[in-house]
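Each residue of the sequence shown is one higher than the last, beginning at 48 in the working numbering.
We put the CB at the ideal spot given by N, CA and C, even for glycine.
Note that this is a predicted model, so its numbers are computed, not measured.
These notes are about the structure you will find just below.
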Amino acid sequence: MSIKELYNFYYGIPHAHTSYSDGFQTPTDAFLYARDKGLDFLIVTEHSRHLTSSTLNFDKTINISGSKNPKWDMLRLEADYINSKYIDFIAMAGFELSTDFSDHINILNSNEIIGKKCKSTADLYRWLTLNKDCILSFNHPFRINKILNYCPNLNKYINLFEIGHGAPPRPYTRCLDLFYKALDKGWHLGAINGQDNHINNWGDYDNVTCVICKTLNHNSIIEALRSRRVYSTESRSLKLTYKINDHWMGSIIKVKANSPLNFYILAEDRINNIKNLQIISSKGQILDQLNSNNTSTIDWQVTLISNASNWYLIKVTHCNDKISVSSPIFIENS
């Protein structure tokens with residue numbers, strides 16, 4: 048059975064802001080705007096220090112009183128309100144945490160919030176042990192141009208890495224080399240693309256994250272993010288299937304040394320034709336490449352031999368030089 052028969056492709060933004068922190072308008076405005084722009088989901092991730100401030104700024108059609116953290120509660124209520132009205136769009140809430148050890152980290156799927164800057168990985172881990180359902184992502188790593196050393200305790204929570212970032216008025220930046228370094232350090236990370244919107248342009252641009260899941264609902268999106276069954280794309284019309292030995296992108300699989308790795312890649316884009324596909328591994332090494340005549344569909348099957356624990360991802364280059372990058376599949380020798 049093909050992935051098409053099991054899963055659908057949903058496009059959205061996992062990193063955005065409104066006036067509840069340092070952006071414009073309200074989360075409700077952002078969700079409605081993103082839906083009108085054809086996105087399937089939007090995760091509003093306000094700066095946590097703003098969400099715990101005393102200033103109450105919210106959509107007047109929704110009311111809450113007596114709240115300790117009014118903006119944080121309003122953000123989640125507004126997401127729930129949108130989800131009660133529409134079945135073709137998912138509104139989600141998260142927060143962006145400032146740290147002393149890795150710039151900013153988004154925290155998703157949380158009922159609680161950290162109201163101040165996080166000083167150490169130990170502090171973050173202690174909080175996560177009490178909030179075990181959270182999913183974390185490394186945001187705009189180019190700002191500090193370094194990668195946090197591998198932390199086994201945090202590895203099971205930090206699932207995502209923003210390899211593409213930005214929307215006007217901020218420049219768009221790719222972070223592929225830093226992504227490769229993070230993977231080489233041992234992190235198990237999925238590839239996402241965040242617009243980090245700070246004005247009312249949620250979904251005006253094509254750099255988005257695609258989640259691959261069965262149905263469009265909150266739990267399915269969370270499961271896909273946690274499983275790293277996601278990819279970063281600069282073309283929201285790309286459908287990218289990537290498997291090794293029938294395991295989807297994001298999987299961690301155990302194989303014996305010198306065993307065959309059967310790659311299956313299907314890239315389809317009806318708008319931005321495809322120039323080539325590359326299989327990329329440690330240190331950004333290109334292991335194999337398939338060129339095309341700027342076609343809309345490439346179906347590629349190739350076998351490589353496993354000789355060590357490693358990661359493998361797919362990079363798609365489009366005819367207009369847009370790129371899309373799958374989450375890796377991680378091979379562990381058994």
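Taking every protein chain shown into account, the CB of Pro307 has fewer than 16 other CB atoms within 10 angstroms, so this residue is exposed.
Residue range 74 to 83 is occupied by the alpha helix (DSSP H) that includes Pro74. If you look at Met121, you'll find it isn't in any beta strand (DSSP E); it sits in the alpha helix (DSSP H) that goes 117 to 132. Apart from the 5 residues on each side of it in sequence, Leu53 sits with its Cβ closer than 7 Å to the Cβ of Lys261 in its chain, given in chain order.
Counted as a single uninterrupted DSSP element, the stretch harbouring Glu281 is not any beta strand (DSSP E), since DSSP gives it neither H nor E. Pairwise C-beta distances place the region 115 to 135 out of contact with the region 196 to 212, as fewer than three of them are shorter than 8 Å.
The closest CA to that of Asp120, considering only Ser157, Ser149, Ile137, is found on Ser157.
The way I'd put it, the region 225 to 234 doesn't touch the region 257 to 275; fewer than three beta-carbon pairs between them come closer than 8 Å. As far as DSSP is concerned, Tyr252 takes part in no beta bridge. When secondary structure is reduced to three states using DSSP, Ser267 falls in the helix class.
With a cut-off of 8 Å on Cβ pairs, the region 70 to 84 is not in contact with the region 302 to 316, counting fewer than three such pairs. Here Asn292 is not near Ser329, since their CB atoms are 8 Å or more apart. Between Glu159 and Ser100, the alpha-carbon positions lie close to 15 Å from each other. Closest by C-alpha distance to Tyr278, out of Ile299, Asn340, Leu236, Ser68, is Leu236.
Take the alpha-carbon of Thr75 and the one of Gln242: they are about 18 Å apart.
Within 10 angstroms of the beta-carbon of Ile318 lie fewer than 16 other beta-carbons, which makes it exposed.
Judged by beta-carbon spacing, Thr92 lies beyond the 8 Å limit of Gly162, meaning their Cβ atoms are not closer than that value.
For Asn202, the three-state secondary structure derived from DSSP is helix. In this chain, the alpha helix (DSSP H) harbouring His97 covers 95 to 98.
With a 10 Å radius around the Cβ and a threshold of 16 neighbouring Cβ atoms, Arg276 comes out buried.
Ala214 and Ser374 do not touch by the CB rule: their CB atoms are close to 22 Å apart, not below 8 Å.
Taking Lys118 as the centre and dropping the five residues before and after it, the same chain places the C-beta of Tyr67, Leu98 closer than 6 Å to its C-beta, in chain order. Shown here, Gly237 sits in a strand according to DSSP, grouped into three states. His245 sits close to His64, with the two beta carbons spaced by under 8 Å. Judged by their CB atoms, Asp253 and Glu209 are not nearer to each other than the 8 Å cut-off. Within the same chain, and ignoring the five residues on either side of Arg221 in sequence, the residues whose Cβ sits closer than 7 Å to its Cβ are Ile210, Gly211. Taking a C-beta distance under 8 Å as the contact criterion, Ser339 and Asp316 do not qualify as a contact pair.
Straight-line measurement puts the Cα of Tyr227 at about 16 Å from the Cα of Ile191. With distances taken between CA atoms, Arg96 lies nearest to Leu144 out of Ser267, Leu144, Leu175, Tyr289. DSSP places Lys362 in the strand class (E or B) of the three-state scheme.
Taken in chain order, the complete beta strand (DSSP E) segments of 3 or more residues contained in the region 282 to 331 are 285 to 291, 299 to 302, 307 to 316, 321 to 328.
In terms of Cα proximity to Val349, the closest of Lys290, Tyr57, His365 is Lys290.
Boundaries for Asp135: no alpha helix (DSSP H) harbours it, and the DSSP string shows neither H nor E there.
The DSSP-derived three-state label of Thr65 is coil.
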